[in-house]
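So the protein sequences, as listed, match chains A and B. Just so we're aligned, residue 7 is where the first sequence starts under the working numbering, counting upward by one. Just so we're aligned, residue 26 is where the second sequence starts under the working numbering, counting upward by one. For glycine and all other residues, C-beta sits at the position ideal for the given N, C-alpha and C. This report refers to the structure that appears directly beneath it.
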Amino acid sequence: MKRPLAAGTGISLPRISDWVDNFGSYRHQVTDAKIERWLRQFASRDQDLAARLLDVIDFVGHTQMSQLFRQMLGAIPGWNRNPKQRHGRWRFAPYSTSAGQSGDAMIHSFRLANNLDGKVNDELFIRPRDLLSEQLQADDTVVLIDDFSGTGQQVCESWERPLQELLPSEPRSFIMLLAASAAARQRIIDQTPLRPIIGFQLNHADNIFHAACTHFSKAEKNVLLQYCRKASGRNPGGFGDCGFVVVFAHRCPNNSIPIFHKKGRNWSGLFPRHD
Amino acid sequence: MEEKRKAMVPKTIGVKTVPVSSLYPNPHNPRLLFDREPLKTLKASIKKVGILVPLTVYRDSARGHFVILDGQRRWICAREIPLDDVPVNEVAEPTLVQNIVTMFQIHKLRADWELMPTALKLELLMNELNERNDAKLAVLTGLPEAVVTRCKKLLSYPKDIQDLMLNQDPDARVKADFFIELYPVIHDRVVAKFDWFSRPRFTEQMLGKYGPDRPIRSVTDFRLIKQHINNARRTGKLRELSNRLKTFAEDKPTPVSHLQIASASVAAAARKLVSDLDKISNAIRHLDVDQYYGEEKLWETLTTFVKVAQKKLKEADQRVQ
């Protein structure tokens, strides 16, 4: 989580312009007008707080994503750009599989970032439904790619059923995530044979409602929570009560606080998750 | 077929005793949850008399440890008691195909299993064994033939659609039933001939219309859609059906009832009535009057029936004899 500007700094045009520069590449373009509309949803006494909330957002743009993907691939033991230098067969697959969901977007970005977008590398990239027919063995490697894990719950549950059935010969299996909480990482390690490769890890201090987050006072956190309840009665702290302020250029995770992404009668998020 | 089935059984190496800790569950075992009650009984029995039937295991050549082919419940009990060693019957390491077939045969299919992974295993078997016949595949795997057919329907969908059934998010995962119920609609020979129709596109459109607050609330709604298609076909209302189905597919909020072509539905209802009346006429024709002479209620109902029929015939300007 970034450090916000001092309280009472004022919402000036340059500050708005900085936000637009920062968030402009979001899939639903963020403009001055959209930011102003989002801010107007807060009472005037709370607008300074809302502005500071925009300051702290960890926005992961396409450039940063590419850097993370390069770092993460380089961190997997045994990977080599030269196929002859690799041990066993390597396969990469999206972990989320709904059409247009983050897993597909991740694969596309991953290929571009690592110069693996050429046709010659097509065989490295498969769909989850092909995992079984590939008949990967113990000396092969499979890397499942996704953007985010807030609690690790989905990764662990989907590993148990149905993914482990598709990897019966237990190849070396990695899950590559642009970001994940420390709790998610530990849960994945404890409950699955998947080895997490994480771009950046989020800790308690990244949960805006946690005592370890010192950028906002307790009273301010309570005010923010009220707005979050207005946006989502079901998950005011974000899915899994993660309270994160992370936004990816392709999509805002549902573990981030709902005033960022929820779109409904009571609230209109700046980073809607769906079209 | 019997030879093919025998070839699927791994060869025996020998019986011995091994440490419980050296055994691992089979990754192909589709049965991850075991009911506690039967396990309790088994545990009590093992405590009393030990493990009488050795577990069937093989040595995983890549990792060196034993993998259980048959006897996972006995192994769970042995770990819980705990026992140090268990008797095992070691067999040769099975091929992937042998392993899949063995797991299918031992564990059978349970209703709560996700069908897509089963379908993918079946696909692998079909390719490896070059066997496509539903009945033969059913014998080979021990799966009911209907399940084999359902699996093959799932495999007929494009890969990205199959992936939807493997989604990591259980809330976003589309159940196999959706695609099984959709299958007769997208494979209807009349619908397939509409110039605007494309199976992948139509499937995507139906996915977009499916959900609690959407026009297709339940997967069984596809049966209704198929019925509307059948009714329109029987009455030759194909152009109207094409237009309505196109609107239904392309316009997200358009309800299923839009597909109901009134005249087609009337014709269907009429056909049903004709069939019912035929049955009644036949029954009346064969009525033995002497036998039913005292059944007052029957004669009263029959009189009312005749009167109602005559009235309707008159209303319809039909000549009454």
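DSSP three-state call for residue i: helix, strand or coil?
i, result
"residue 215 of chain B", "coil"
"residue 326 of chain B", "helix"
"residue 130 of chain B", "helix"
"residue 341 of chain B", "coil"
"residue 123 of chain B", "helix"
"residue 73 of chain A", "helix"
"residue 58 of chain A", "helix"
"residue 165 of chain B", "helix"
"residue 229 of chain A", "helix"
"residue 261 of chain A", "coil"
"residue 44 of chain A", "helix"
"residue 106 of chain A", "Because residue 106 of chain A carries a pLDDT of 48, less than 50, the predicted location of this residue cannot be relied on, and the following value inherits that uncertainty. It is coil, neither helix nor strand."
"residue 147 of chain A", "strand"
"residue 81 of chain B", "strand"
"residue 63 of chain A", "coil"
"residue 269 of chain A", "strand"
"residue 274 of chain A", "strand"
"residue 182 of chain A", "strand"
"residue 99 of chain A", "strand"
"residue 120 of chain A", "coil"
"residue 35 of chain A", "coil"
"residue 88 of chain A", "coil"
Using a Cβ-Cβ distance cut-off of 8 Å, determine whether residue i contacts chain A.
i, result
"residue 194 of chain B", "yes"
"residue 274 of chain B", "no"
"residue 53 of chain B", "yes"
"residue 188 of chain B", "yes"
"residue 95 of chain B", "no"
"residue 185 of chain B", "yes"
"residue 87 of chain B", "yes"
"residue 65 of chain B", "no"
"residue 370 of chain B", "Residue 370 of chain B is absent from the structure shown; chain B starts at 26 and stops at 346."
"residue 141 of chain B", "yes"
"residue 162 of chain B", "no"
"residue 165 of chain B", "no"
"residue 338 of chain B", "no"
"residue 154 of chain B", "no"
Our contact map puts residue i next to residue j with C-beta atoms below 8 Å; I'd like the distance itself, whole angstroms only.
i, j, result
"residue 228 of chain A", "residue 219 of chain A", "That belief does not hold up - the Cβ atoms of residue 228 of chain A and residue 219 of chain A are roughly 13 Å apart, past 8 Å."
"residue 99 of chain A", "residue 134 of chain A", "5 Å"
"residue 279 of chain B", "residue 240 of chain B", "6 Å"
"residue 59 of chain A", "residue 230 of chain A", "7 Å"
"residue 250 of chain B", "residue 266 of chain B", "Residue 250 of chain B to residue 266 of chain B, Cβ: 11 Å. No contact."
From residue i to residue j, what does the alpha carbon distance come to, in whole angstroms?
i, j, result
"residue 237 of chain B", "residue 243 of chain B", "8 Å"
"residue 217 of chain A", "residue 112 of chain A", "33 Å"
"residue 234 of chain A", "residue 225 of chain A", "14 Å"
"residue 208 of chain A", "residue 251 of chain A", "10 Å"
"residue 114 of chain A", "residue 192 of chain B", "18 Å"
"residue 257 of chain B", "residue 49 of chain A", "58 Å"
"residue 329 of chain B", "residue 323 of chain B", "10 Å"
"residue 185 of chain B", "residue 168 of chain B", "26 Å"
"residue 110 of chain A", "residue 24 of chain A", "30 Å"
"residue 222 of chain B", "residue 293 of chain B", "25 Å"
"residue 88 of chain A", "residue 87 of chain B", "25 Å"
"residue 233 of chain B", "residue 15 of chain A", "45 Å"
"residue 76 of chain B", "residue 106 of chain B", "12 Å"
"residue 256 of chain A", "residue 122 of chain A", "20 Å"
State yes or no: is the beta carbon of residue i nearer than 8 Å to at least one beta carbon in chain B?
i, result
"residue 105 of chain A", "With a pLDDT of 49 at residue 105 of chain A, under the threshold of 50, the predicted position of this residue should be treated as unreliable, though the coordinate-derived value follows. Interface residue, yes."
"residue 264 of chain A", "no"
"residue 135 of chain A", "yes"
"residue 271 of chain A", "no"
Okay, do the stretch 70-85 of chain A and the stretch 257-265 of chain A touch, 3+ Cβ pairs below 8 Å being the bar?
Touching, no, given that fewer than three Cβ pairs across the two stretches are closer than 8 Å.
With a threshold of 8 Å, are at least 3 pairs of Cβ atoms found where one atom belongs to the stretch 166-174 of chain A and the other to the stretch 199-217 of chain B?
At 8 Å Cβ cutoff, the stretches do not touch.
Three-pair Cβ contact test at 8 Å for the stretch 105-112 of chain B versus the stretch 38-52 of chain B
A contact exists between the stretch 105-112 of chain B and the stretch 38-52 of chain B.
Are three or more beta carbon pairs between the stretch 135-148 of chain A and the stretch 84-97 of chain A nearer than 8 Å?
At 8 Å Cβ cutoff, the stretches touch.
Would you check if the stretch 145-162 of chain B and the stretch 172-179 of chain B touch, i.e. whether three or more CB-CB distances between them fall below 8 Å?
By the criterion of at least three beta-carbon pairs nearer than 8 Å, the stretch 172-179 of chain B is in contact with the stretch 145-162 of chain B.
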